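**Q** For the record, the sequence lines run as chains A and B.
Here the first sequence is numbered in my numbering, starting from 1 and rising by one per residue.
Here the second sequence is numbered in my numbering, starting from 1 and rising by one per residue.
We put the beta carbon where it would ideally sit given N, CA and C, even for glycine.
This structure is a prediction, so every number in the text was calculated from the model and none was measured.
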Amino acid sequence: MSLLVAEGVTKKFAGITALDSVSLDVGEHELVGLIGPNGAGKTTFFNCLLGLLRPDAGTVTFAGSDLTRVPVHRRARLGIGRTFQRIELFVGMTPREHFVVAARARAGRGGLVADLLGRGRVTREEHDRAQEMLELLGLGPVADKKVEGLSLGIGRLVEVGRALMTEPRLLLLDEPSSGLDRAETAVLAETLRSVQRERGTAILLVEHDVDLVRSLVGRVFVLDFGVLIASGRTEDVFADAAVRRAYLGDLV
Amino acid sequence: MEELVSAVIRGFPQGCVYALVAVGFVLTYKTSGVFNLAFGAQAFVSAALYWRLHTDPEGWQWPIVPAAFVSVVIAAPLLGFVLDRALYRHLRTASPVAKLVTSLGLLVALPEIAKIVLDMPPQAYGTEGIVPDGRVVYRFGDYALNRDDIVTIVVVILAVAVLSALFRFTALGLRMRAVVESPRMTELAGVNADRVGSISWMLSSFFAGVAGVLLAPLFPYLGADQYFQLVVTAVAAAVLAGLSSLPVALVGGLALSVVSQVMVTYPPQDSFVRQVLGPALPFVVLFGVLVFMPSLQRRREATDPLAGVDPPPPALAADERSRALTIGTYVFGAVVGLGFFWWVLTVANSYWLARFTEAVIYAVIFCSITVITGMTGQVSLCQPAFAAIGAFTTAQLVTRYDMSVLAAMVIGALLAALTGGLLSIPALRLGGIFLALATLAFALFFERVLVKEEWVGGGASLMDVPRPTIGPWDFGDDRAFFVLCTVVLVVVGTLVIFVRGGTTGRYLDALRGSEVAAAAIGINPARLRITAFALSAAIAGVGGGLIAMFSERFGQANYDARFSVFFGLVWTVIVVSIGSRTVEGAIQAGAAFILFPLVILQRFLPWLLNLVLPWHVESLPTGLTFILFGLGAITYAKHPEGSVEFGKRRSLNAVQRWIDRLGRGSVDTPPDTVEPAVSLPTGSER
Ligand SMILES: Nc1ncnc2c1ncn2[C@@H]1O[C@H](COP(=O)(O)OP(=O)(O)O)[C@@H](O)[C@H]1O
Ligand SMILES: [Mg+2]
């Protein structure tokens, strides 16, 4: 059974149809790509999945339950993690603090009363999990530097790590390689591969870097002007003439 | 019917006054992007200058025209120019809240600077406008308007026409708006944003000057507080105009005044509308507009889409202190604290005992600002109202139900928390300046309406509030009460530290960093904000309860001296300039609020000056407190941790380097601040 199923998702912005009845599914433990030229509606679709935008029509179900009326933060609790196209870090905090706060949010424990009783401090377990994540992503050397001072590539890794700390069943990545150089992209790709392999996290990768998508995902969806023009196994899709015309034609 | 018409006519001149200020306010927002609460302070500066030049019987007695020319046409734009050059130019891409705090600092500091420079008496009586014989009344049938009214009406209509034309038809108007939208983008288009910014500020400051001298005759005496009150009333009209349409601001100002006038004349004598709704209409409208007007919510706060290209704010002075030095500073702090504690308990006379007790109580109240401003990064201007709820509840419960005073204080704090929580729910979707405005509206509603209600303020007579007793301990004695207040401060401070280091504090840090990202890891922003607001209100309520006990007799008559709306601004300014992130900052702010004028300004600095100066200095003007802390808050955008806190860290780091050098005998000094290698964009595209 599929973990995430979007069916007939439609979204209009004053005049333009940004998404026209888009359907997509991601299975458990699967690595899926969503590609399309700039302005195709990828980010809009992404936001519909996450509840930041309400689709005009269509449904999104996750692990069998309907998400339509579920607020953004509840979706995270259900097991959907995400990163942002334009990086959204917690300014003023260090990578370690990012991971600790995400671990706390994952556990969902604690609140004002516990804080007032002095029981709100970082636990041993949270500390250890954060440390593990820092090591997994190779962020050890910058663990205690404020994120404002870090490079974009490291910032992306911190975002991925923060999302992973919430132990998502599905990770949604919005153009994670934009702004990264080749070496950083390679590190990112390796990380995603190992996350998917070792933790069994399903990943939906929204990308315009064709090489990255090709090397990572098994299945891919192609969006153009809000319409799904192709989907299927990666090699089949990239062989498709329509895709080449719409997308690869002006890139490759 | 006739009654109605006459009410409308009576509301009209007042409406023009609101309209004039509202238009000026919208003008500033439109041309500078600053929600300029200091508009009234700027108006006051021109009015005070004019008073000094023309009106003051012992002054220079200039004729009207040169006096008006100097104070409005020269001084006011000059002030705008200076403000832009020295401040706002550097804040163009700062967050709206930072700009708001800057304007708060100015609001507090500017009038005091003007008073000192112009040597104004505490209350300058005999106000007179620039209209010759302004109080001459013209009758139209049964209705009367005086010359001042007529000139105000003409000026405001003229101003709206001219300014609208400026924005619509001239390149300059277009550029002004563009600079507000995105200074960086405008510069890319070849416009000199700095120059346009200067012109904008000179224009809006000129307008403030016009309003200042024109409205002076309305007041019994010339005071910055009068202008401030006018501004907050006019804010409702400005917000009604979406902060952008000048004609709507004009109509809104008129409508507010006329409807309010009708409401207090037409309905029956003791009806709710006449007694409560009419007088409070502007604040009710302001609150309603903020909460329900969808366009405001949608717009929230526009930030420059290219803000990411600016260098990020300087990193906090890096903590490079060794463990020994950290422990050393703690020990130093503890020794100083205990030293004062011991001195107050054993040596101090009753006067100083009372002052120190007050300082401790205000430190408790200021911890509430640590929570709301330091932890959530929001500005609340109704903390005095929460404290007042605590104080009035304590007094009421004790007098009416004979309740134990400590239990009454706890209930007062809970009631304040409930109010804070409820207030924050509709205000939740608003961020930054609109939230600050909603709290201001509530504070004004509380002051103008609720305090006067007997079930809140307790009516005309004061209520007796005893000092508490717990078991065998009686805190009736002043020294014992001081100890009790200190214990409360320690408890509250510890709780705030727990909360800051706990789940709530961490979540709030995350939320401040990025709301969308916080939600993306499962944090519920709405619930978190309500929690923080309620907690902050509760702390203020506890402090209010202590104030009631301290005063021993408390009631409506104490309200103005303790909790008036103006204090909401002053408290925020003081805490922000000393350091809103730490409990230590709140404690120092409490001490500064009470003791700075008494100790530093009246004793220490005069003594110091008399050592070097050939002439004798008796004491320094208390206004310096406002000036110094106002100026301290102005740097909020640059030092959000507080300028005093910033200085402390800097000097501690210097000490550390000095220690290092002594230890190693070498001179390599680590850099003071960390320069970011690459700045991350921190925009908010979702
Ligand atoms: N909030 C919005 N209002 C109006 N139009 C929007 C909005 N968000 C996106 N769009 C439009 O929807 C289309 C899809 O945009 P987007 O989803 O960002 O594309 P992608 O992420 O694939 O580059 C574009 O034409 C864009 O201009
Ligand atoms: Mg996109």
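#1: In chain A, what lies closer than 9 Å to T531 of chain B by C-beta?
#2: Can you determine whether any heavy atom of ligand 1 sits closer than 7 Å to the C-beta of G41 of chain A, and answer yes or no?
#3: Going by beta carbon distance, what residues of the same chain come within less than 7 Å of Y221 of chain B, once the five residues before and after it are set aside?
#4: Of all the beta strand (DSSP E) runs that stay within the bounds of the segment 26-109 of chain A, which reach a length of 3 or more residues?
#5: Anything in chain A within Cβ reach of T503 of chain B, meaning under 7 Å, just list it in chain order.
#6: Residues of chain A with CB under 7 Å from N524 of chain B, in chain order?
#7: With a cut-off of 8 Å, does the C-beta of L89 of chain A fall near any C-beta of chain B?
#8: Of all the options B:G623, B:V23 and B:W473, which has the alpha carbon lying nearest to the alpha carbon of G242 of chain B?
#9: Identify, in the order they occur along the chain, each residue of the same chain with its Cβ nearer than 6 Å to the Cβ of A193 of chain B, setting aside the five sequence neighbours on each side.
#10: G138 of chain A touches chain B at which residues, Cβ-Cβ below 8 Å?
#11: By the DSSP assignment, the beta strand (DSSP E) with R89 of chain B in it spans what residues?
#12: Does ligand 1 have even one heavy atom less than 7 Å from the beta-carbon of A114 of chain A?
#13: Please compile the residues from chain A whose C-beta is within a distance smaller than 7 Å of the C-beta of F498 of chain B.
#14: Please determine, among B:P279, B:F81 and B:F366, the residue with the shortest C-alpha to C-alpha distance to A592 of chain B.
#15: In whole angstroms, what is the alpha-carbon distance linking G204 of chain A and S380 of chain B?
#16: Going by DSSP, what residues sit across from Y143 of chain B in a beta bridge?
#17: Drop a sphere of 10 angstroms on the beta-carbon of L546 of chain B, count the other beta-carbons inside from all chains shown, and report buried for 16 or more, exposed for fewer.
#18: Look at S687 of chain B and A75 of chain B and say whether their C-beta atoms are less than 8 Å apart.
#19: What residue range does the beta strand (DSSP E) around L205 of chain A cover?
#20: Is the CB-CB distance between V195 of chain A and L164 of chain A below 8 Å?
#21: I need the straight-line Cα distance from L173 of chain A to I600 of chain B, nearest angstrom please.
#22: Do the CB positions of A38 of chain B and L107 of chain B come within less than 8 Å of each other?
#23: Between T166 of chain A and chain B, is there a C-beta pair that is closer than 8 Å?
#24: So, do the segment 487-507 of chain B and the segment 103-121 of chain A have three or more beta carbon pairs nearer to each other than 8 Å?
#25: Closer than 8 Å by beta-carbon distance: list the chain B residues that pair up with G92 of chain A, in chain order.
#26: For the beta strand (DSSP E) containing R219 of chain A, list its first residue and its last residue.
#27: Which residues of chain B have a Cβ atom closer than 7 Å to the Cβ of A40 of chain A, listed in chain order?
#28: Taking only beta-carbon positions, decide if A202 of chain A is within less than 8 Å of chain B.
#29: With a 10 Å radius around its C-beta and 16 neighbouring C-beta atoms as the bar for buried, classify Y330 of chain B as buried or exposed.
#30: Looking at the C-beta of R506 of chain B, does it have a partner C-beta in chain A at a distance below 8 Å?
#31: Let me confirm a value: L158 of chain B is counted as buried when at least 16 other C-beta atoms fall within 10 Å, else exposed. Which label applies?
#32: Under the rule that 16 or more other beta-carbon atoms within 10 Å means buried, what is R686 of chain B, buried or exposed?
#33: Would you mind reading off the limits of the alpha helix (DSSP H) that contains L3 of chain A?
#34: Does the Cβ-Cβ distance between R506 of chain B and V147 of chain A come in under 8 Å?
#35: To which residues does DSSP link V542 of chain B through a beta bridge?
#36: Near A253 of chain A, what residues of its chain come up, given a Cβ to Cβ distance below 8 Å and the 5 sequence neighbours on each side ignored?
**A** Straight from the coordinates:
#1: G111 and L112
#2: It does: the Cβ of G41 of chain A is within 7 Å (strictly closer) of some heavy atom of ligand 1.
#3: Q123, A124, Y125 and T127
#4: 31-35, 57-62 and 80-82
#5: Close partners of T503 of chain B in chain A (Cβ separation under 7 Å): R104, G110, G111, A114, D115 and G120.
#6: H73
#7: Yes, its Cβ sits closer than 8 Å to a Cβ of chain B.
#8: B:V23
#9: V179, P183, T186 and E187
#10: Here the premise fails: no neighbours, minimum Cβ distance about 17 Å.
#11: Taken as a continuous stretch (DSSP letters only), R89 of chain B belongs to no beta strand (DSSP E), as it is neither H nor E.
#12: no
#13: D115, L116, G118 and G120
#14: B:F366
#15: Residue identity check: residue 204 of chain A is Leu in the sequence provided, not Gly. The straight-line gap from Cα to Cα measures roughly 41 Å.
#16: B:F140
#17: buried
#18: For residue 687 of chain B there is no data in the structure shown, the boundaries of chain B being 1 and 686.
#19: Run containing L205 of chain A: A202 to E207, per the beta strand (DSSP E) assignment.
#20: yes
#21: 58 Å
#22: yes
#23: yes
#24: Taking one beta carbon from each stretch, the segment 487-507 of chain B and the segment 103-121 of chain A have 3 or more pairs nearer than 8 Å; the two touch.
#25: Chain B residues near G92 of chain A: D509, R512 and G513.
#26: R219 to D224
#27: Near A40 of chain A there are no residues of chain B at all, since even the closest Cβ is about 16 Å away, more than 7 Å.
#28: no
#29: exposed
#30: yes
#31: exposed
#32: Note that R686 of chain B scores a pLDDT of 34, beneath 50, so its modelled location is shaky; the value from the coordinates is reported in the next line. Flag for R686 of chain B reads buried.
#33: Looking at the DSSP string, L3 of chain A is not in any alpha helix (DSSP H); the run it does join, the beta strand (DSSP E), is S2 to F13.
#34: no
#35: According to DSSP, which records beta bridges pairwise, V542 of chain B is partnered with nothing at all.
#36: Examination of residue 253 of chain A is not possible in this model, given that chain A is present from 1 through 252 alone.
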